[in-house]
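Under numbering that gives the first Met the number 0, read the sequence shown as residues 0 to 704, first letter to last. Okay, structure first, notes after.
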Amino acid sequence: MLFLGQIEGSDHYLAEEISESFLNFYRPDAVLLLHPSYLNINSPEFEASIAQLERLGTETSVYIASFDKNASLDLKEHHKGIFKIKKTEAATLRDKIIKSGLTNMAHNKKESLILSAPTGTIFCKPSGETYSEFIKASELASTCHEIQFIAFTLLKYAAKVENLRCIYIDTMSISSYVESLISYLTLFSSNYSREISYYSFNSYDGISSRPDENNGVFVIISASSSNNLSKKIKKEWGLTENQIVNFLSYRDSDEEKIKTVANIKELSEGKNPLEFSEKKLKIVGENFAVEASEAKPVIIKTTNSPQKIINEVIYPRREKETFSCNKVAYTETKEKHVTVDWLKEKDSIKAWLEKIAEWHIPANTASIIVDYRNPSINLLLDATISSVKTTLGHDIKGYGINEIDKIPKEKATIILTDAISTARQFIAVNRELRRAKHRGNRIFISPFALFESKKTFLSTKSTLEKGESGFDYKLLCKEVLYIGPSDLAKIWNKELEIIKKYNHPHWKSRSEHLETKSKGIANRIGSYTSSSTFDEFSREFAFWPDDYETSKTFSSSVYLTIACILQNMRSMDRSEPDSLNGHTYQARILSPDNFWRFNDALIQSCLWRAALYSELDYRGSSLTSRIFSDLVLKYIDESKNKKSDIVCDYLIALTIGKIKICKECIERIVTHGKSELDNDNPALEVIASIEEKFLPQEKSRVEAH
0 MLFLGQIEGS DHYLAEEISE SFLNFYRPDA VLLLHPSYLN INSPEFEASI
50 AQLERLGTET SVYIASFDKN ASLDLKEHHK GIFKIKKTEA ATLRDKIIKS
100 GLTNMAHNKK ESLILSAPTG TIFCKPSGET YSEFIKASEL ASTCHEIQFI
150 AFTLLKYAAK VENLRCIYID TMSISSYVES LISYLTLFSS NYSREISYYS
200 FNSYDGISSR PDENNGVFVI ISASSSNNLS KKIKKEWGLT ENQIVNFLSY
250 RDSDEEKIKT VANIKELSEG KNPLEFSEKK LKIVGENFAV EASEAKPVII
300 KTTNSPQKII NEVIYPRREK ETFSCNKVAY TETKEKHVTV DWLKEKDSIK
350 AWLEKIAEWH IPANTASIIV DYRNPSINLL LDATISSVKT TLGHDIKGYG
400 INEIDKIPKE KATIILTDAI STARQFIAVN RELRRAKHRG NRIFISPFAL
450 FESKKTFLST KSTLEKGESG FDYKLLCKEV LYIGPSDLAK IWNKELEIIK
500 KYNHPHWKSR SEHLETKSKG IANRIGSYTS SSTFDEFSRE FAFWPDDYET
550 SKTFSSSVYL TIACILQNMR SMDRSEPDSL NGHTYQARIL SPDNFWRFND
600 ALIQSCLWRA ALYSELDYRG SSLTSRIFSD LVLKYIDESK NKKSDIVCDY
650 LIALTIGKIK ICKECIERIV THGKSELDND NPALEVIASI EEKFLPQEKS
700 RVEAH
C-alpha cells in the first residue's frame, strides 16, 4: 500500500519515491495507491508516477483508492492482475490498512516507542499506577508521510462526531498528528476557513478541565496500557462512545465501549505491571521526572575512616613529602590527582622488593620492562635487579617499553613502575607482549597504587592477572590507596583560571604556586592569605595519632587522609546512615556542619577539594544553604579583623561552583562582603566574580541606579 497524503514535490520526485518503495518487494500480488479524494490523481502531473505502478508486470494488480472526510474508500482497479479486491470490501480493507499500517510503523520504531524502565526502577504514571513499560506515542511518526497516515487513521473516528469544533488531547506531544487531522477535515469541507481547534488537558491533572459544552468535542488519548484514563474522562465528562478514542493501547475496544485505534500489545515485553521498586520515575506528559527525596546530609565520623590505611600508609609519611597533588607526571599532559615520590621511600621499598623476589618471582625470570622516560626508574630498576639476582642467583636484563620484541619469549618477565593510578601502562605493555607472542609468566610490580576506588583496583587487577598458556599473572603493590575520581585534580586548574585575572599580590603569588605543575602541591593546598597554615592546623586531628608536629607536616598528607575517608564513605552500602553512596532518587551530601566541626583552615580546604560536586550541592534545602553561608559570613568578619585567612578559599569554591548554595544566600555573602571588607582585601575580587556570575541582573540594577 502506497500512501500519498498530500502533493509534495514534482511528479518526477514522486515517481522516484514510488520506485524506491518497490525495492523491498520484488513482485507484489497487488499494489494500492491511497490518496485523499481532493487530489486529482488522473491529472497529467501524475503521469510519471502512475507509470511506475504499471512497470510491475501483468500479474500484479494495481488499485487506486481515494478516501473522503469519513475515511471511506472509493476503490478503482487501474490494472488487472491475479489479485482481486471487491468494492464491497472497501470498509474491511480500510480497517486492515489502518491496523497493519500502524502495527508496521510500531514495529519499526519499537525501541523508541515502547520504553522499558531502567534497571531497578519503575515508571509511575500520572494515574499513580506503576508499570515497567511506557508507550511514547509521539515517537511513532518521524516523517510528514507518517504523520499524514496517522491523521488518516484518526479521520475514521473524528468523522463520527457531529459538528466537530474542538479536539482534546492528553499531551501536547501528539499535536502534529492533530494538526494534520484538522488539515484534512478543513480541506475536505467546502468552507476552507479553519473552524476546528485543539487543546491539551495534560492527562490526569487536567480531568477537572472539562469543556463547558460537550457537543462537538472529540477526545484523543495518545497511549494507554489499561484504557483507564479514557474510561474516567468518558464518565466524568459525560461523553458518548464516539467522542473518545485511544490511539495506541495494549487493549482492544472493550465492553465499556472505549475504542482503540491500534492494539500494540504484541510489542510488549510482557512485564508484570505490578512489579515493585522503591525507585520510581514519574512521567509528566511524555517526559520523566525523578521522584526524589530531599538530599540527605552526612556527618564525617572517625568510624567512617579506613584507619588501617591511614595509620600504616599515610601517617608515617606525613613529614616526607612523599605525596603531591596537581602534578604533571613524566609521561602525562594532564595533572594527576595525587602522585608519589618513591625515592622518599627507597629503603623500605628495597626491603619489600627483596621479599617479592623471594616469594613471587619465577626462577626462569630473564627480563624487566620499564619506561625509561621516568626520571627515577633507573634507581628502582637497579634495586629490583639486585634483589632478584640475590634470590635467583643470575642476572636479568632491563628493556624499554619500545623493546618488547627483544625479550626472551619463553621466559618470565617483570613489568615495573613506581606508581599506578589506572594501570594504563601495564595494560598497554601486556597487550604488546601478547602481540610479540610472549609465552612466559608476567609479574607486574608497582610499589604504590592510587586508585579511584577498591572496585576499580580489583577490576584492573583481575584484568592484568588473566594469564595465557595456563599462567596466573601477578600484580604486586606495596601500598594501595583509594582516593576518589581522578577528575578531582581539575579543581586547582579551575582555581587558576579564575585567579589569573585578579590583580591583588596575593593572587599573583597563588597563581605562581599553582603553575609549578612539574613539582605539584605538597603544601598550600588551599588559597590562604597567610604564607602558611600550619599554625592553624589542629594538634588534635581526629583521624591521626596525636604525636605529630604541625610544623613538619606536609599538607598533601592531610589532603590524602580526607580523600581516603570520603572515598571510603562512598563505598559504604547505601543502607548505612553515614554512606555517601547516593543515587539519582536521593542524593547524599556532606553536611555543612562538617565545616563547622573541622574548623582548621587546612582541613576545611582539603574537605571541599576532595569532595564531589554532588556532595556539596546545598541548593535543594534553604536550611543547608544558610548553614554554609553563615560559616562564610563568620569568616568574612574574622578576615576583617585578621583572625582568619580561609575566607578566600571558600569564596573560590563558590566561584568555581564546587560548593553550591541558593541564590538568596549568595546575595547575603556578596552584600556582607562588599560592606565589611577593606578595599585591600583580596577576597573582594572573588566576591566581584561571584556577583557577576550568579547575580548579573542584581548587579546591573545597582549599576544603573
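Ideal Cβ positions, reconstructed from N, Cα and C, are used throughout, including at glycine.
### Message
The alpha helix (DSSP H) that contains alanine 562, what's its start and end?
### Response
By one-based count along the sequence shown, residue 562 stands at place 563. Run containing alanine 562: 554-569, per the alpha helix (DSSP H) assignment.
### Query
Just to check, is the beta-carbon of leucine 342 closer than 8 Å to a non-hydrogen atom of the ligand HEM?
Although the ligand HEM was asked about, the structure shown includes no ligands whatsoever.
### Span of the alpha helix (DSSP H) around isoleucine 655
Along the sequence shown, read from residue 1 onward, the residue named residue 655 stands at position 656. 646-655 is the span of the alpha helix (DSSP H), which, as asked, contains isoleucine 655.
### Stretch-stretch touch, CB-based, cutoff 8 Å, three pairs: the segment 418-427 with the segment 448-461
yes
### Query
Which class does arginine 587 belong to by DSSP, given the choice of helix, strand or coil?
For the purposes of this step, residue 587 is taken as the residue at position 588 of the sequence shown. Three-state result, arginine 587: strand.
### Task
Could you check what DSSP says for cysteine 324 in three-state terms: helix, strand or coil?
If you number the sequence shown from 1, residue 324 lands on position 325. Strand.
### Secondary structure of cysteine 476, DSSP reduced to three states
The sequence position of residue 476 within the sequence shown is 477, counting from 1. In this structure, cysteine 476 counts as strand in the three-state DSSP scheme.
### Length at least 4, wholly inside the segment 129-163: the alpha helix (DSSP H) runs in chain order
143-157
### Message
Against chain C, with Cβ distances strictly below 9 Å, would leucine 114 count as a contact?
### Response
Of the chains in the structure shown, none is chain C; there is only one protein chain.
### Query
Are threonine 623 and proline 591 closer than 9 Å when you measure CB to CB?
For the purposes of this step, residue 623 is taken as the residue at position 624 of the sequence shown. For the purposes of this step, residue 591 is taken as the residue at position 592 of the sequence shown. Cβ distance < 9 Å, so threonine 623 and proline 591 count as in contact.
### Neighbourhood of lysine 86 by C-beta distance below 7 Å, restricted to the same chain and skipping five residues each side
Counting from 1 along the sequence shown, the entry for residue 86 is found at position 87. Excluding sequence neighbours, lysine 86 sits near Leu74.
### Rounded separation between alanine 610 and tyrosine 371 - CA only
To locate residue 610, count along the sequence shown from 1; it is residue 611. To locate residue 371, count along the sequence shown from 1; it is residue 372. For alanine 610 and tyrosine 371, the distance between alpha carbons rounds to 35 Å.
### Message
By the three-class DSSP mapping on this structure, what secondary structure does alanine 294 have?
### Response
Position 295 of the sequence shown, counted from the first residue, corresponds to residue 294. In the structure shown, alanine 294 sits in coil (DSSP, three-state: anything other than H, G, I, E or B).
### Between the CA atoms of asparagine 502 and lysine 300 - distance to the nearest angstrom
The residue you call residue 300 lines up with position 301 of the sequence shown. The residue you call residue 502 lines up with position 503 of the sequence shown. When rounded, the distance between both Cα atoms is 40 Å.
### Query
Hey, would you say isoleucine 564 sits closer than 9 Å to cysteine 324, going by beta carbons?
For the purposes of this step, residue 564 is identified with residue 565 of the sequence shown, where counting begins at 1. For the purposes of this step, residue 324 is identified with residue 325 of the sequence shown, where counting begins at 1. No, they are not a contact pair.
### Query
Excluding five sequence neighbours on each side, which residues of the same chain lie with their C-beta closer than 8 Å to the C-beta of serine 490?
Here residue 490 refers to the residue found at position 491 of the sequence shown. The identity of residue 490 in the sequence shown is isoleucine, whereas the question assumes serine. Counting only Cβ-Cβ distances below 8 Å, and skipping sequence neighbours, we find Arg608, Ile655, Lys657.
### Query
Can glycine 525 and serine 452 be called in contact, C-beta distance under 9 Å?
Looking up residue 525 in the sequence shown gives position 526. Looking up residue 452 in the sequence shown gives position 453. Not closer than 9 Å, so no.
### Task
Assuming tyrosine 37 contacts phenylalanine 187 (C-beta within less than 8 Å), just tell me the rounded distance between them.
Counting from 1 along the sequence shown, the entry for residue 37 is found at position 38. Counting from 1 along the sequence shown, the entry for residue 187 is found at position 188. Confirmed, Cβ separation roughly 7 Å.
### Query
How should serine 196 be labelled, buried or exposed, when 16 other C-beta atoms within 10 angstroms of its C-beta is the threshold for buried?
Position 197 of the sequence shown, counting from 1, holds the residue named residue 196. Counting Cβ neighbours within 10 Å, serine 196 comes out exposed, since fewer than 16 surround it.
#### Entry: Rounded C-alpha distance that separates alanine 29 from glutamate 145
Here residue 29 refers to the residue found at position 30 when the sequence shown is read from its first residue. Here residue 145 refers to the residue found at position 146 when the sequence shown is read from its first residue. The alpha-carbon atoms of alanine 29 and glutamate 145 are separated by roughly 21 Å.
### Query
Does the beta-carbon distance from phenylalanine 542 to threonine 560 come in below 9 Å?
Working through the sequence shown from its first residue, we reach residue 542 at position 543. Working through the sequence shown from its first residue, we reach residue 560 at position 561. Yes, they are a contact pair.
### Helix, strand or coil at glycine 205 [DSSP, three-state]
Residue 205 sits at position 206 when you count from the first residue of the sequence shown. Helix, per DSSP.
### Range covered by the alpha helix (DSSP H) that runs through serine 179
Position 180 of the sequence shown, counted from the first residue, corresponds to residue 179. First-last of the alpha helix (DSSP H) with serine 179: 174-187.
#### Entry: Candidates Ile689, Val244, Gly439: closest to alanine 158 by CA position
The residue labelled residue 158 in the question sits at position 159 within the sequence shown. Minimum Cα distance to alanine 158 is reached at Val244.
### Query
Quick one: Cα of isoleucine 298 to Cα of serine 688, how far?
Counted from its first residue, the sequence shown places residue 298 at position 299. Counted from its first residue, the sequence shown places residue 688 at position 689. Straight-line Cα distance between these residues: approximately 30 Å.
### Query
Quick one, which of His106, Ser71, Lys79 has its alpha-carbon nearest leucine 92's?
Indexing the sequence shown from 1 puts residue 92 at position 93. Closest option to leucine 92, Cα to Cα, is Ser71.
### Task
Tell me whether cysteine 143 is buried or exposed, calling it buried when 16 or more other Cβ atoms sit within 10 Å of its Cβ.
If you number the sequence shown from 1, residue 143 lands on position 144. With fewer than 16 Cβ atoms within 10 Å of its Cβ, cysteine 143 is classed as exposed.
### Task
Measure the C-alpha to C-alpha separation of isoleucine 257 and serine 224 and round it to an integer number of angstroms.
The sequence position of residue 257 within the sequence shown is 258, counting from 1. The sequence position of residue 224 within the sequence shown is 225, counting from 1. Going by the C-alpha atoms only, they are around 13 Å apart.
### Query
Within 10 angstroms of its Cβ, does aspartate 616 collect 16 or more other Cβ (buried), or is it exposed?
Within the sequence shown, numbered from 1, the residue matching residue 616 stands at position 617. Buried is the call here.
#### Entry: Own chain, CB closer than 7 Å to lysine 405, minus 5 neighbours either side, in chain order
Translated into positions along the sequence shown, residue 405 becomes position 406. Excluding positions up to five away in sequence, the list reads Tyr398.
### Query
Could you give the distance in angstroms between the alpha-carbon of asparagine 492 and the alpha-carbon of leucine 513?
Taking the sequence shown and counting its residues from 1, the one referred to as residue 492 is at position 493. Taking the sequence shown and counting its residues from 1, the one referred to as residue 513 is at position 514. For asparagine 492 and leucine 513, the distance between alpha carbons rounds to 8 Å.
### Task
Let me know if glutamate 684 comes out buried or exposed under the rule of 16 or more other beta-carbons within 10 Å of its beta-carbon.
Position 685 of the sequence shown, counted from the first residue, corresponds to residue 684. Answer is buried; the Cβ neighbour count reaches 16.
### Task
Check whether the Cβ atoms of leucine 184 and serine 221 sit closer than 9 Å, and answer yes or no.
The residue you call residue 184 lines up with position 185 of the sequence shown. The residue you call residue 221 lines up with position 222 of the sequence shown. Not closer than 9 Å, so no.
### Query
In chain order, which continuous runs of the alpha helix (DSSP H) of length 4 or greater are located wholly inside the segment 459-511?
489-498
### Task
Starting from the N-terminal side, write out each stretch of the alpha helix (DSSP H) that is 4 residues or longer and does not extend beyond the segment 661-701.
662-675, 682-693
### Query
On the three-state DSSP scale, how would you describe glycine 399?
Numbered from its first residue, the sequence shown carries residue 399 at position 400. Glycine 399 falls in the strand class under three-state DSSP.
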